[in-house]
Structures are given as C-alpha cells and as structure tokens.
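A.B. asks: I have a structure here, written as structure tokens, and I will follow up with some questions on it.
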Amino acid sequence: MTDKVLVIDPIERQDLIKGLASDVRVMMLKLLRTSGPKNVNEIAEELKLPQSTASINLKVLEDCGLIYTEGQRAKKGSQKLCYSAFREILISFSEPVTDRMAEAITVSMPLGLYTEFEVSGPCGMCSRDGVIGLLDVPDTFLDPNRMKAGLLWFNTGFVEYQFPNNTLLKKAKPKAIEFAMELSSEVPGTSANWPSDIFLQVNGTEIGTWTSPGDYGDKRGNFTPDWWKLAGSQYGMLKNWRINGQGSFVDGMKISNVTLDDLHLDQHRSIRMRIGVKDDAEHPGGINIFGSGFGNYGQDIVLRIQV
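The working numbering puts the sequence shown at residues 164 to 470.
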C-alpha cells in the first residue's frame, strides 16, 4: 500500500480517466486500498466476479498505472499480487492544456543524437532496417550509424541529449519544461514484472526517479518493424517529465521538490537532459528508449518549453 497522491490533468491523462470509468474497476481500487494486496483469484472472489472479468479489468488498471503488481512465491509455484498505487487521485483544471501547448516551444530530438553516454551491457541499438553495430558492446554507441537509431537499450549508465535553449532567442521566461519519451525496463527477453529505477537530470540537477514496471513483449508495438523478433522488447510507456514552479512531476505525480528556478535556465545556452539507470539503484532493471519507427508511439524525444 502507498501514500502517494496523484494529481492529473484530465486532458493529458484520458487513459486514466477511462480506467476509472467503470464501477468494477473502482470497486477493485477500493478493495486494494482498504484490504491490502491481493491476487486476481482473491479479488474475483471478494467482488463475486468471473476470474476472466477480474483479469481484464486489472490489466486496464495496471496499464494506466493505477495499480502495480509484484511476483511472490505461493504454495504451488508463484502468484502475482496487485497493489493500489495511490492513496488519492486528484483532478486539476488549474492550467488548461490547450493554452499551455499553444505557447510552447517544441523541439524533437532523434534518439541517436545523444552528445554523451556511459552504458553497460546488455546494450545495443537498432534502426528500422536492422541492428546497429554489435550487440552488448558499449563502444557501439560511438557508431556513426547511431543517427538512425529507433530503439536503444542498456543495463546501467546514461545517455545525454543537448537541446537548444530557445527561450534565450525569444527572450521569454519559461513557466515549465517537459520531456516526453517512450520508456520501459530492459531484461533479456521480456518480462512485464521487471521494475527499473529510471532517473532524469537536467543541466546536472537531479530531477527524480520513475520506476518502470516492466519490459513489454506481449504483443508487437504499433510501430515496431516486422523484422524485430517478437521475443524482444516491443513497446514502452509514454512518460511525461515536467518541471515547473511547484516541483517535478511524472505524468502529474510529484517526484521531487526540484523547481524550474533550480535549473537556472537563463544561465545556459542549452538544456542538457540525461536519462538512465544508476549502478546503485534499488531496482537496476535497465532501460529501453523507443524512438521514431519503434514502440507504440513512434516519436522522437520531445522537449516542450512553456512560455
């Protein structure tokens, strides 16, 4: 059970609103919140539901992040326990998304255009046409063909991207910055239950950590090319990291008290974003970053600066 509070914008998180738009799923959340973690059979029994109905609705809740699961040994084999992810869910209308986006400076960064890296194996990169360089050889990240990368992965370490600080050219004071990218954990093969603590830094300042639940391979990603083996990582979760005057957030959930003022953007010609997994992370489960031509979204890493 957790004491985390989730604050969401209903336009940005329509997946979560849809996840709540069901009496069955709301009852499941209430049950997990009041009674603690349970497996799917226990939930089905408590709510007098068919096991198949319980499984389908729990999958919806897990996909939108309202619950998380952990494997645990049972008398016969193992079982997957479901946990409530939040104590409260708050809907905020304080900052209309349409207004924010209308005044945003947007920069898309191709996945292979990192300016610095330090990675450990298993690691690798591929484009829509095939694997780039050698698998599990960190020096492959120096290969000039990295410019074509649509997917990269590594165990621990980081990649860093340098975005232009266009607020200086426009002589505008930023109100918030956002980084949007598709992410998952990285395990040899795939596993939906493989947590990984993924960190983000901006201009050398630690923003916070988001724990990826797993590495997804249950179905082919919407943009993942046919040649990529189905046993490999197929897609991730589109995560939005936002830093404003109140703190730092991932998909509306506050992860730290680091504010925009702490980044001193007016003193930097560029905005350096570093993302990765630390060697001493509690869950060092690797990282997949999906770019254009891979995953479920097929987009580059996107920086938005609200002015």
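Backbone N, C-alpha and C define an ideal beta-carbon position, used for all residues, glycine too.
(1) From V470 to I340, what does the alpha carbon distance come to, in whole angstroms?
(2) Between R236, L401 and C245, which has its C-alpha nearest L229's C-alpha?
(3) By a C-beta neighbour count over all protein chains shown, 10 Å radius and 16 as the cutoff for buried, is I219 buried or exposed?
(4) For P301, which residues from the same chain have a beta carbon less than 7 Å from its beta carbon, with the 5 sequence-adjacent residues on both sides left out?
(5) At a cut-off of 7 Å, would you count T319 as near the ligand ZN, judging by its Cβ distance to the nearest heavy atom?
(6) If you compare alpha carbons, which of S347, V365 and V421 is closest to G395?
(7) I'd like the span of the beta strand (DSSP E) that includes G287, first residue to last.
(8) Specify, as a first and last residue, the run of the beta strand (DSSP E) that T422 falls within.
(9) Determine, using beta-carbon pairs with one atom in the stretch 295-314 and one in the stretch 360-371, whether at least three such pairs fall under 8 Å.
(10) Could you pull out every residue in the same chain whose Cβ sits closer than 7 Å to the Cβ of C227, ignoring the five residues on either side in sequence?
(11) Between which residues of its own chain and W373 is the CB-CB distance below 7 Å, once the five residues before and five after are set aside?
(12) For G313, which residues of its own chain have a beta-carbon under 6 Å away from its beta-carbon, when the five flanking residues on both sides are left out?
(13) Going by Cα to Cα distance, which pick from K211, L428, T387 and Q462 is closest to I468?
(14) For a test of the three-state rule: what should DSSP assign to N220, helix, strand or coil?
(15) Please give the ranges of any alpha helix (DSSP H) in the stretch 302-356, keeping only runs that are unbroken, at least 4 residues long and fully inside the region.
(16) Report, in whole angstroms, the separation of the C-beta atoms of E323 and R437, which I expect to be a contact under 8 Å.
(17) Quick one: give me the first and last residue of the beta strand (DSSP E) that K402 is part of.
(18) How big is the Cα-Cα spacing for T216 and G352?
(19) By how many angstroms is the C-alpha of L212 removed from the C-alpha of F321?
(20) Hey, M310 and P358: beta-carbon distance below 8 Å or not?
C.D. replies: Answer, in terms of the structure:
(1) 9 Å
(2) C245
(3) Flag for I219 reads exposed.
(4) V282, S283, G284 and C286
(5) This structure simply doesn't include the ligand ZN, nor any ligand for that matter.
(6) S347
(7) G287 to C289
(8) T422 -> no beta strand (DSSP E), and no H or E assigned at all.
(9) no
(10) D178, L179 and G182
(11) Closer than 7 Å at the Cβ level, and outside the excluded window around W373, lie I361, K402, V413 and I418.
(12) S290, R291, G454, S455, G456 and F457
(13) Distances from the alpha-carbon of I468 to those of K211, L428, T387 and Q462 put L428 closest.
(14) helix
(15) 329-333
(16) 4 Å
(17) M400 to N407
(18) 28 Å
(19) 45 Å
(20) no
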